[in-house]
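Visitor: Questions regarding the structure given below will be posed in turn.
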Amino acid sequence: MKIDHLINGKQVPGRDYFQSVNPATQEVLAEVAAGGEPEVDAAVAAAKDAFPKWAAMPAPQRAKLVRKLGDLIAAHVPEIAQAETNDTGQVIAQTGKQLVPRAADNFYYFAEMCTRVDGHTYPTDTHLNYTLFHPVGVCALISPWNVPFMTATWKVAPCLAFGNTAVLKMSELSPLTASRLGELALEAGIPPGVLNLVHGYGKDAGEPLVKHRDVRAISFTGSTATGNRIVQQAGLKKFSMELGGKSPFIVFDDADFERALDAAVFMIFSNNGERCTAGSRILVQQSLYASFVERFVARAKKISVGDPLDEKTTIGPMISQVHLAKVRSYIEMGPKEGATLLCGGLDAPLVPDRVKKGNYVLPTVFADVDNRMKIAQDEIFGPVACLIPFGDEADAIAKANDIAYGLSSYVFTENIGRAHRVAAAVEAGMCFVNSQNVRDLRQPFGGTKASGTGREGGTWSYEVFLEPKNIAVSL
Ligand code: NAD
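Residue numbers (this note's numbering): 20 to 494.
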């Protein structure tokens with residue numbers, strides 16, 4: 020199979036190709052066009068040409084096309100989910116039931132929303148001020164590999180619905196499903212040039228895209244290191260930076276134990292632990308610590324690791340051998356730093372023959388973790404849980420905030436005052452109280468500190484994809 024760029028509605032062959040590999044089997048899934056500056060220039064030019072007509076299209080008409088794209092995704096869920104699972108190792112139970120259906124919802128939601136963009140009025144004695152929201156122009160949309168289809172649509176849907184045009188660059192590790200998205204966009208009747216795709220490596224294709232002078236806004240999801248580089252290289256543009264995380268999951272001794280346990284297991288081991296909002300630092304109050312650790316480990320040992328195409332599998336392979344080596348290096352580091360390895364570790368899991376060459380790691384649990392250890396401070400981005408004891412509320416907050424990141428947070432307590440106090444005190448873009456991460460498309464999604472700037476979702480997406488203009492009329 021060959022995957023080419025999509026520029027101005029046409030498949031454009033690569034000058035060079037690289038291989039996309041199935042992380043469960045190591046089989047080559049596709050030869051993918053490796054783009055660079057010439058392809059980026061052509062794609063940005065196509066997006067710039069398509070912009071005036073697309074922006075001027077009445078919102079209800081644009082909404083119809085965007086909704087149609089949602090319908091086409093909904094009609095192809097099994098096919099897209101299987102491709103996503105093969106390309107990323109994310110288990111089919113997640114891609115088929117959650118991630119790909121949610122991608123269709125992203126289009127339905129923003130199709131509706133673009134017909135409801137309103138403004139503000141600020142009347143004074145002498146002037147009537149009012150606000151118009153205009154689309155920004157050509158947007159660079161850059162996606163990571165962990166849940167690529169959902170992340171790409173989370174950007175493409177508001178970008179297009181609000182009247183912008185786009186150049187989408189997927190991670191070189193997971194380009195398959197976005198290429199299908201490009202085809203479906205054309206099938207939905209979205210005009211050529213409105214959504215363009217350039218494949219390739221970050222340095223070759225991503226860098227010229229973010230530097231391009233005709234790109235007006237960048238919506239980037241990826242690591243903090245790359246986000247920093249982009250901000251330095253891109254010049255004056257609108258930014259949304261959705262970066263890494265190492266989120267605290269705080270359990271007080273008055274919490275609903277079973278509920279906290281379920282959510283803690285889910286937030287570190289779902290999506291293979293390759294999840295930006297993972298509750299990877301599990302802070303448990305000292306009085307509850309021993310019993311929580313015991314039950315947590317018992318649950319971790321029961322998690323099924325195996326073929327990601329099997330509905331019963333919870334953890335599939337890591338995205339790449341390089342990433343597997345990174346995760347393993349932290350598992351090796353834990354005991355050296357003084358943490359206690361309670362399950363998992365470096366042994367290879369037993370998996371079916373079909374996937375025996377996969378990039379597997381066992382769900383791993385470290386106890387007696389000190390919040391200053393590297394395994395507690397760095398984003399491992401794999402199924403590795405760090406269980407950290409704390410004393411009182413002040414200690415929980417101090418430990419939660421003693422970290423470079425600030426993406427998500429989780430608080431479990433039955434004390435309503437404490438729930439609100441801790442939720443307010445935690446330095447994070449999001450806090451879930453007595454709950455795992457549950458998304459509503461109206462919520463502001465994003466982080467603070469090293470986890471990024473800007474928020475996306477609902478009217479928060481205006482910040483990136485719409486330009487407010489104030490008009491002051493003298494009375
Ligand atoms: P990455 O930063 O290595 O790559 C992300 C994307 O940026 C890829 O498409 C890559 O090709 C591109 N890129 C690399 N260098 C570039 C450059 N110089 N200029 C422009 N583009 C460049 O991240 P990754 O390893 O693909 O993804 C994992 C990271 O993403 C984790 O840190 C995770 O927390 C983060 N993430 C964040 C969120 C969020 O919403 N905050 C969601 C998912 C993943």
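C-beta atoms are modelled at their ideal positions from N, C-alpha and C, and glycine is treated no differently.
Considering residue 169, what are the terminal residues of the beta strand (DSSP E) in which it resides?
Guide: Position 150 of the sequence shown, counted from the first residue, corresponds to residue 169. Taken as a continuous stretch (DSSP letters only), residue 169 belongs to no beta strand (DSSP E), being part of the alpha helix (DSSP H) at 167-180.
Visitor: Quick one: using the 10 Å Cβ neighbour count with 16 as the cut-off for buried, is residue 247 buried or exposed?
Guide: As a working note, residue 247 is residue 228 in the sequence shown. Classification of residue 247: exposed, given that the 10 Å Cβ count is below 16.
Visitor: Taking only runs that begin and end inside the region 400-445, name each unbroken alpha helix (DSSP H) of 4 or more residues, in chain order.
Guide: If we require 4 residues or more, the alpha helix (DSSP H) runs fully inside the region 400-445 come out as 412-420 and 435-444.
Visitor: In terms of residue numbering, what span does the beta strand (DSSP E) encompassing residue 304 cover?
Guide: Position 285 of the sequence shown, counted from the start, is the residue given in the question as residue 304. Looking at the DSSP string, the run of the beta strand (DSSP E) that includes residue 304 is 300-304.
Visitor: I want to check one thing, is the minimum distance from the CB of residue 513 to the heavy atoms of the ligand NAD below 8 Å?
Guide: Residue 513 falls outside the range modelled here, since the chain spans only 20 to 494, and no answer is possible.
Visitor: Grouping DSSP H, G and I as helix and E and B as strand, with all else coil, what is residue 38?
Guide: Taking the sequence shown and counting its residues from 1, one reaches residue 38 at position 19. Residue state, collapsed to three classes: strand.
Visitor: Mind checking residue 398: buried by the 16 CB within 10 Å criterion, or exposed?
Guide: Taking the sequence shown and counting its residues from 1, one reaches residue 398 at position 379. The residue in question, residue 398, is buried, as its Cβ has 16 or more Cβ neighbours within 10 Å.
Visitor: Taking the beta strand (DSSP E) that residue 340 belongs to, which residues open and close that run?
Guide: Translated into the one-based positions of the sequence shown, residue 340 becomes position 321. Segment 340-356 is the alpha helix (DSSP H) holding residue 340; no beta strand (DSSP E) there.
Visitor: Would residue 98 be called buried (16 or more neighbouring beta carbons within 10 Å of its own) or exposed?
Guide: Within the sequence shown, the letter at position 79 stands for residue 98. Result: exposed.
Visitor: Report buried or exposed for residue 495, applying the criterion of at least 16 other Cβ atoms within 10 angstroms of its Cβ.
Guide: What the structure shows of the chain is the stretch from 20 to 494, and residue 495 is not part of that stretch, so it cannot be assessed.
Visitor: Between the alpha carbons of residue 364 and residue 447, how many angstroms are there, rounded?
Guide: Residue numbering aside, residue 364 sits at position 345 when the sequence shown is read from its first letter. Residue numbering aside, residue 447 sits at position 428 when the sequence shown is read from its first letter. Whole-angstrom Cα-Cα distance: 30 Å.
Visitor: What is the DSSP secondary structure of residue 462, counted as helix, strand or coil?
Guide: The count along the sequence shown starts at 1 and reaches residue 462 at position 443. Residue state, collapsed to three classes: coil.
Visitor: Should residue 119 be labelled buried (16 or more other beta-carbon atoms within 10 Å of its own) or exposed?
Guide: Here residue 119 corresponds to residue number 100 of the sequence shown, with the count starting at 1. So residue 119 counts as buried.
Visitor: Do you know how far the Cα of residue 487 is from the Cα of residue 158?
Guide: The residue given as residue 158 occupies position 139 in the sequence shown. The residue given as residue 487 occupies position 468 in the sequence shown. When rounded, the distance between both Cα atoms is 16 Å.
Visitor: Tell me which same chain residues have a C-beta within less than 7 Å of the C-beta of residue 286, skipping the five on either side of it?
Guide: As a position in the sequence shown, residue 286 is number 267, starting the count at 1. Closer than 7 Å at Cβ, skipping near neighbours: 268, 297, 298, 429, 455 and 456.
Visitor: How many Å lie between residue 453 and residue 302 at the Cα?
Guide: Sequence index remark: in the sequence shown, residue 453 carries index 434 (1-based). Sequence index remark: in the sequence shown, residue 302 carries index 283 (1-based). Taking the straight line joining both Cα atoms gives about 14 Å.
Visitor: Throw me the rounded Cβ distance for the residue 187 and residue 171 pair, which I believe falls under 8 Å.
Guide: In the sequence shown, counting from the first residue as 1, residue 187 sits at position 168. In the sequence shown, counting from the first residue as 1, residue 171 sits at position 152. Right, their Cβ atoms sit about 6 Å apart.
Visitor: Taking only three categories from DSSP, how would you classify residue 133?
Guide: For the purposes of this step, residue 133 is taken as the residue at position 114 of the sequence shown. Here residue 133 sits in helix by DSSP.
Visitor: Using 8 Å for Cβ pairs, my map puts residue 410 next to residue 305. What's the rounded Cβ distance?
Guide: Against the sequence shown, residue 410 aligns to sequence position 391. Against the sequence shown, residue 305 aligns to sequence position 286. Indeed they touch by this definition, with Cβ atoms about 6 Å apart.
Visitor: Does the ligand NAD have a heavy atom nearer than 8 Å to the CB of residue 456?
Guide: One-based indexing of the sequence shown puts residue 456 at position 437. No, the Cβ of residue 456 stays beyond 8 Å of every heavy atom of the ligand NAD.
Visitor: Can you check whether the CB of residue 39 is closer than 9 Å to the CB of residue 160?
Guide: For this step, residue 160 is matched to residue 141 along the sequence shown. For this step, residue 39 is matched to residue 20 along the sequence shown. No.
Visitor: Looking at residue 353 and residue 509, is the spacing between their C-beta atoms short of 9 Å?
Guide: The shown model of the chain, from 20 to 494, leaves out residue 509, and the question about it has no answer.
Visitor: According to DSSP, simplified to helix, strand and coil, what is residue 475?
Guide: What you label residue 475 is simply residue 456 of the sequence shown in a count that begins at 1. Note: residue 475 maps to strand in three-state DSSP.
Visitor: With a 10 Å radius around its C-beta and 16 neighbouring C-beta atoms as the bar for buried, classify residue 320 as buried or exposed.
Guide: For this step, residue 320 is matched to residue 301 along the sequence shown. Exposed.
Visitor: Among 441, 403, 290 and 342, which one has its Cα closest to the Cα of residue 115?
Guide: Working through the sequence shown from its first residue, we reach residue 115 at position 96. Ranking 441, 403, 290 and 342 by Cα distance to residue 115 puts 290 first.
Visitor: Run the CB neighbour count on residue 416, radius 10 Å, all protein chains shown included, and call it buried at 16 or more, exposed below.
Guide: Working through the sequence shown from its first residue, we reach residue 416 at position 397. Flag for residue 416 reads buried.
Visitor: By DSSP's criteria, residue 50 is part of a beta bridge. Which residues make up the other side?
Guide: Here residue 50 refers to the residue found at position 31 when the sequence shown is read from its first residue. Paired residue(s): 21 and 38.
Visitor: For the ligand NAD, I want to know if residue 119 counts as a neighbour, meaning its beta carbon is within less than 8 Å of at least one of the ligand's heavy atoms.
Guide: As a first step, residue 119 is located in the sequence shown; it is residue number 100 there, counting from the start. It does not: the Cβ of residue 119 is nowhere closer than 8 Å to a heavy atom of the ligand NAD.
Visitor: Considering only C-alpha positions, which residue in the set 162, 407 and 94 is nearest to residue 266?
Guide: The residue you call residue 266 lines up with position 247 of the sequence shown. Of 162, 407 and 94, the residue nearest in Cα terms is 407.
Visitor: Between residue 207 and residue 375, is the Cβ-Cβ spacing less than 9 Å?
Guide: Along the sequence shown, read from residue 1 onward, the residue named residue 207 stands at position 188. Along the sequence shown, read from residue 1 onward, the residue named residue 375 stands at position 356. No.
Visitor: Would a C-beta distance cut-off of 9 Å place residue 169 and residue 94 closer than the cut-off?
Guide: As a working note, residue 169 is residue 150 in the sequence shown. As a working note, residue 94 is residue 75 in the sequence shown. Against a cut-off of 9 Å, the Cβ pair of residue 94 and residue 169 comes out as no contact.
Visitor: Look up residue 294 in the DSSP assignment and say whether it is helix, strand or coil.
Guide: In the sequence shown, the residue the question calls residue 294 occupies position 275. Of the three classes helix, strand and coil, the one that applies to residue 294 here is coil, per DSSP.
Visitor: Please report the residue range of the beta strand (DSSP E) in which residue 286 lies.
Guide: If you number the sequence shown from 1, residue 286 lands on position 267. Taken as a continuous stretch (DSSP letters only), residue 286 belongs to no beta strand (DSSP E), being part of the alpha helix (DSSP H) at 276-288.
Visitor: Alpha carbons only, please: which of 167, 76 and 180 is nearest the one belonging to residue 197?
Guide: Position 178 of the sequence shown, counted from the start, is the residue given in the question as residue 197. The shortest C-alpha separation from residue 197 is found at 167.
Visitor: Going by DSSP, what residue range makes up the alpha helix (DSSP H) through residue 489?
Guide: Taking the sequence shown and counting its residues from 1, one reaches residue 489 at position 470. It is not in any alpha helix (DSSP H) - residue 489 instead sits in the beta strand (DSSP E) that spans 485-493.
Visitor: Flag residue 249 as yes when its Cβ comes closer than 8 Å to any non-hydrogen atom of the ligand NAD, and as no otherwise.
Guide: On the sequence shown, position 230 is the one that residue 249 refers to. Checking every heavy atom of the ligand NAD against the Cβ of residue 249, one is found closer than 8 Å.
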